[in-house]
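**Student:** Quick one: structure below, then a few questions.
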Amino acid sequence: MTPILSAFCSLSFPPCRHKQHKYPRIRSQRFSDDGASASIVDANLGILRRRIEEARMKERLDTWCRLKNYNNGWNYQYSGDDIDHDRQKRDAELVMSGCLELMGSIGGAFGFVFLSGSLFIFLVSVLVHWGK
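In this text, residue positions in the sequence shown follow the working numbering: the first is 485, and each later residue adds one.
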């Protein structure tokens, strides 16, 4: 048993090496300014927190009022389906007005052809009638 113990005790561990970091460590330093800057920072953070809270409250109120006015008092989340429906309706109206404009142009072209053809036939018939 002594050889095992002596073998165990004779094991030597490598000396500890300090880890070398890839980046140098940054240490904070504090200068003696009697705590004036710390209290200013705390005061500024307090003001900032208060302003953030006011902005959140305004946003909540605006969202609530917008939803209330849109849904006539029911406070449901707005899904946006009405916008898609309005867009589809507007697109359909644009297609319909385009079709009507095209039909009007085609009808005007046919009317001009028939009117000019009738006038030409009338003039030819008058010239033939005078020529006799």
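Yeah, the Cβ is synthetic: ideal placement off N, Cα and C, and Gly gets one too. Keep in mind that this is a model prediction, so the values were computed, not measured.
1) Pull up the distance between the alpha-carbon of Ile590 and that of Val597, whole angstroms please.
2) Cα separation between Glu585 and Lys573?
3) So, helix, strand or coil for Val610, using DSSP?
**Tutor:** For this structure:
1) Whole-angstrom Cα-Cα distance: 11 Å.
2) The alpha-carbon atoms of Glu585 and Lys573 are separated by roughly 18 Å.
3) Reduced to three states, the DSSP call for Val610 is helix.
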